[in-house]
Amino acid sequence: MQLNQIVVEVPRAQAGTAEAALQGLGALSVTLRDAGDEPLLEPLPGEQPLWGRVRVEALIPASVPSEAVGTALGDTLGSPCPWAVFPVPERDWVRETQAAFPARRFGRRLWVCPSWEEAPREATVLRLDPGLAFGTGAHPTTALCLEWLDAHPPRGQQVVDYGCGSGILGIAAALLGASTVWATDIDAQALEATRSNAAHNDLEPHRLEVVCPDALDGTSVSLVLANILQGPLLALQPTLTALVAPGGTLVLSGLLRDQAEAVRMRYTPAFRFVAEQTLDDWVLLEARRS
3 MQLNQIVVEV PRAQAGTAEA ALQGLGALSV TLRDAGDEPL LEPLPGEQPL
53 WGRVRVEALI PASVPSEAVG TALGDTLGSP CPWAVFPVPE RDWVRETQAA
103 FPARRFGRRL WVCPSWEEAP REATVLRLDP GLAFGTGAHP TTALCLEWLD
153 AHPPRGQQVV DYGCGSGILG IAAALLGAST VWATDIDAQA LEATRSNAAH
203 NDLEPHRLEV VCPDALDGTS VSLVLANILQ GPLLALQPTL TALVAPGGTL
253 VLSGLLRDQA EAVRMRYTPA FRFVAEQTLD DWVLLEARRS
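By the count of our numbering, the sequence shown reaches residue 292 at its end, each step adding exactly one.
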């Protein structure tokens, strides 16, 4: 099918209206981007970063006339707005997507495989297709955490995946023997992605529970995984400390090498840091609760 890309820039309050108008024209996909190139620099927990203006991009069949696009946008937005149409060269998007997300091995036996790939028969296989939430195993911090889990399988343990993104770490923990995993995030999209990915891996809700952070108040477990960023890790120190039972393990990642020392200092003396792993410029810290 020949496609056109429609690009329209609108104030943030009208982004949903523009998206709905383009979907009404038969858009196959709609993407929202920051139109003003405003950086998102490590929002703190509870903060919702907002863009002032939004660039809405949609792929629609080329058979939809440009006049129909202009009319639909004008009628729904109620005022003229800049928009443009660009022909999209025909490409095998399925093949390109599959090539970009091959099966990956982490450690000795843990594999993350999209639905179109196979893994060795003896492998522990986590099925995950690329989606909207962070975490496919491609980023060094996710890879560090998955390799740590493979080397320290949490058999019979209760685990919290804090800042779960796609749920990849919590799902891996469950597949590697955790008795119960709680996956949490401040992003509703991440929670929905985690539920979907857990079901895709045949994990029943009692094995992996997807919850809002407040639902974990009063909970303490033997292992907490937090692969987020330095700012949130510093701010969340009281919360993460409370979640780890005495003698339990805290695994922190999402850190650059030059950020690790500040995090160590923030979590000491409640924790004793016992190991550090690095990949490229990224760091994983392992600590024991005092």
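In this text, a Cβ means the ideal position worked out from N, Cα and C, and glycines have one as well. Small disclaimer: the values here were computed from a predicted structure and weren't measured.
query: Sequence-distant residues of the same chain with beta carbon closer than 8 Å to Glu278, five excluded per side; result: Ala262, Val285, Leu286, Leu287 and Glu288
query: Within the segment 203 to 242, ranges of the alpha helix (DSSP H) (whole runs, at least 4 residues); result: 232 to 237
query: CA nearest to the CA of Ala228, picked from Glu211, Ile170 and Leu281; result: Ile170
query: Cut-off 7 Å between Cβ atoms - residues of its own chain near Ala135, not counting five sequence neighbours on either side; result: For Ala135, the predicted structure reports a pLDDT of 49, less than 50, and the residue's modelled location is therefore unreliable. A value from the coordinates is still provided. If we look at Ala135 and ignore the five residues flanking it on each side, its Cβ neighbours are Gly167, Ser168, Gln191, Ala192 and Ala195.
query: Residue ranges of each alpha helix (DSSP H) within the segment 71 to 140, 4 or longer; result: 95 to 102
query: Residue range of the unbroken alpha helix (DSSP H) whose run includes Gln25; result: Ala17 to Gly26
query: Nearest-angstrom Cα separation, counted from Arg290 out to Gly254; result: Just to set this straight, residue 254 is Leu in the shown sequence, not Gly. The straight-line gap from Cα to Cα measures roughly 11 Å.
query: Sheet register partners of Pro271 (DSSP bridge); result: Per DSSP, none; premise fails for Pro271.
query: Span of the beta strand (DSSP E) around Gly169; result: Careful: Gly169 lies outside any beta strand (DSSP E) and carries neither H nor E.
query: is_contact[Pro156, chain D] using C-beta, thresh 8 Å; result: Within the model displayed, chain D is absent; a lone protein chain is all it includes.
query: Identity of the residue in Pro142, Ala237, Thr78 and Leu128 nearest Arg268 by Cα; result: Ala237
query: Alpha-carbon to alpha-carbon, Thr243 and Val223; result: 10 Å
query: Residues bridged to Pro13 [DSSP beta-bridge criterion]; result: Arg55
query: Own chain residues within Cβ distance below 7 Å of Gly139, not counting five before or after; result: Arg106, Phe108, Val114, Ala145, Leu148 and Ile170
query: Three-state secondary structure assigned by DSSP to Pro142; result: helix
query: Spatial neighbours of Glu211 in its chain, beta-carbon cut-off 8 Å, leaving aside the 5 residues before and after; result: Thr182, Val183, Trp184 and Ala185
query: Ile230 beta carbon less than 8 Å from that of Gly256; result: yes
query: N- and C-terminal bounds of the beta strand (DSSP E) containing Pro156; result: No beta strand (DSSP E) contains Pro156, which DSSP labels as neither H nor E.
query: Neighbourhood of Ala20 by C-beta, 6 Å cutoff - its chain only, sequence neighbours within 5 removed; result: Val10, Val12 and Val58
query: Outcome for Val276 when other beta-carbon atoms lying within 10 angstroms are tallied against a minimum of 16; result: exposed
query: Beta bridge counterpart(s) of Asn6 as assigned by DSSP; result: Ile62 and Pro89
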